[in-house]
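Top line first, the protein sequences correspond to chains A and H.
Position in the first sequence (from 1) plus 852 gives the number in the numbering used here.
Position in the second sequence (from 1) plus 7 gives the number in the numbering used here.
Where is the CB? At the ideal position from N, CA and C, for every residue including glycine.
Quick notes on the structure that follows.
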Amino acid sequence: MNSEVQHITEYSLYGKVLVGLLVLTTFTILIPWLDLTAFTALIALVLASTKAGIVMTYFMHLKMEYILLKILVIMVLAIYISVILLTFSDYIFR
Amino acid sequence: MDHIEMPRDDIGAKLGMWVFIFTEILLFGGLFLVYAVMRHRYSADFHQASLQLNIFIGALNTVVLLISSMTVAMSVTAVQKKDNRKATILLCITLICAVIFLIDKYFEWGHKISMMLYPGTELMQSLKHGYILFFSLYFFMTGLHMLHLVIGAVILVIALTKIRMGLITDEHYVLLENGGLYWHLVDLIWIFLFPLLYLVT
Numbered sequence: 853m854n855s856e857v858q859h860i861t862e863y864s865l866y867g868k869v870l871v872g873l874l875v876l877t878t879f880t881i882l883i884p885w886l887d888l889t890a891f892t893a894l895i896a897l898v899l900a901s902t903k904a905g906i907v908m909t910y911f912m913h914l915k916m917e918y919i920l921l922k923i924l925v926i927m928v929l930a931i932y933i934s935v936i937l938l939t940f941s942d943y944i945f946r
Numbered sequence: 008m009d010h011i012e013m014p015r016d017d018i019g020a021k022l023g024m025w026v027f028i029f030t031e032i033l034l035f036g037g038l039f040l041v042y043a044v045m046r047h048r049y050s051a052d053f054h055q056a057s058l059q060l061n062i063f064i065g066a067l068n069t070v071v072l073l074i075s076s077m078t079v080a081m082s083v084t085a086v087q088k089k090d091n092r093k094a095t096i097l098l099c100i101t102l103i104c105a106v107i108f109l110i111d112k113y114f115e116w117g118h119k120i121s122m123m124l125y126p127g128t129e130l131m132q133s134l135k136h137g138y139i140l141f142f143s144l145y146f147f148m149t150g151l152h153m154l155h156l157v158i159g160a161v162i163l164v165i166a167l168t169k170i171r172m173g174l175i176t177d178e179h180y181v182l183l184e185n186g187g188l189y190w191h192l193v194d195l196i197w198i199f200l201f202p203l204l205y206l207v208t
């Protein structure tokens, strides 16, 4: 298999994605100044995850890829999040 | 002698790069997990220590990498549209962004090192445990990230050379795509590194 359906993404879409990412980056920088104490880290992580999701979907072309690849990515992220949850569920109760 | 077309598997090539990216996600993910646990344990020290970091340079680096991600993605479009000139320009912008990032890092690390604030110095060993942990994690994680950035830049230089030599065309560009994927991974890692290291409250 050496020829796949060519998905040619237009330059303008990439430009719009960059603008969105820069907006989210601005939020990320401004959040600590809102002084939400404990929630700051959580919101920072949510923002970072959103940016990561956007980078993966559009820059890394996942949106246009075949379904198996999308499932694999979700699986790996699920494994990683499970490891985090397991680690913290142990650590917090020590 | 006629050029023999070797059997190619572009889908396999890209899948292989994705599997490698999964291992990298788990590698840095493990480091982030260590950081998370230590930060939970020494939250005050981590907050104090992170004040030593320059948020402006960190933010600048974030913006620079985001732009470079866009340009490398655009370069794939350019190659698909047979526009080698635009692909070359876009890849050059990407590489310039990489250099800017490295220069910023030189100033950041240089500043800390000139203050004797790096793992192993007497100053570092005299500080509180949480401080030592923060800076060890800071240098290790940003150092490992920087290594990946340099590797990614080398791959993109190779891709750029191949475009100029006509070895990457609109019918055969999986090397550029894979190089782009690796570069996006470098960007992804930094997207998490920046808020976790620089914006601790």
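Host alpha helix (DSSP H) of Pro144 of chain H (start-end):
Checking the displayed sequence, the identity of residue 144 of chain H turns out to be Leu instead of Pro. His136 to Arg171 is the extent of the alpha helix (DSSP H) around Leu144 of chain H.
Counting only beta-carbon atoms, is Ser82 of chain H nearer than 8 Å to chain A?
no
Could you tell me whether any Cβ in chain A is nearer than 8 Å to the Cβ of Lys169 of chain H?
no
Pick helix, strand or coil for Thr176 of chain H, following the three-state DSSP scheme.
strand
Between the C-alpha atoms of Leu929 of chain A and His10 of chain H, what's the straight-line distance to the nearest angstrom?
43 Å
Please list the terminal residues of the continuous alpha helix (DSSP H) segment that includes Lys21 of chain H.
Asp17 to Arg48
Comparing C-alpha positions only, which one of H:Leu204, H:Gly187 and H:Thr149 sits nearest to Thr101 of chain H?
H:Gly187
Quick check on Ile120 of chain H: buried or exposed, where buried means 16 or more other Cβ atoms within 10 Å of its Cβ?
exposed
Contacting residues, own chain, Cβ-Cβ under 8 Å from Val79 of chain H (five flanking each side not counted):
Leu97, Leu98, Thr101, Leu163, Gly186, Gly187, Trp190 and His191
So Asp194 of chain H contacts chain A; which residues on that side make the cut at Cβ distance below 7 Å?
Val907
Considering Cα atoms alone, identify which of H:Ala85, H:Arg15 and H:His152 is closest to Leu34 of chain H.
H:His152
Residue burial classification, Tyr943 of chain A (beta-carbon count within 10 angstroms, cutoff 16):
exposed
State yes or no: is the C-beta of Ala85 of chain H within less than 8 Å of the C-beta of Lys93 of chain H?
yes
8 Å Cβ cutoff, Gln87 of chain H in contact with chain A
yes
Is Lys89 of chain H closer than 8 Å to Asp177 of chain H when the C-beta atoms are compared?
yes
With a Cβ-Cβ cutoff of 8 Å, do Leu73 of chain H and Leu865 of chain A count as a contact?
no
Excluding five sequence neighbours on each side, which residues of the same chain lie with their C-beta closer than 7 Å to the C-beta of Phe879 of chain A?
Leu899
Three-state secondary structure (DSSP) of Thr861 of chain A:
coil
Alpha-carbon to alpha-carbon, Met13 of chain H and Phe945 of chain A:
58 Å
Please say whether His859 of chain A and Met916 of chain A have beta carbons closer to each other than 8 Å?
yes
Neighbour flag for Met853 of chain A against chain H, beta carbons, 8 Å:
Reliability fails at Met853 of chain A, whose pLDDT of 41 lies under 50, so the model's placement of it is uncertain and the value that follows must be treated cautiously. Closer than 8 Å to some Cβ of chain H, the Cβ of Met853 of chain A qualifies, so yes.
Using a Cβ-Cβ cut-off of 8 Å, state whether Gly23 of chain H counts as contacting chain A.
no
Starting from Lys903 of chain A, trace the alpha helix (DSSP H) in both directions and tell me its first and last residue.
Ala890 to Ile906
Considering only C-alpha positions, which residue in the set H:Ile139, H:Asp17, H:Leu204 and H:Trp116 is nearest to Glu127 of chain H?
Here residue 127 of chain H turns out to be Gly, not Glu, going by the sequence shown. Selected option, being the one with the closest Cα: H:Ile139.
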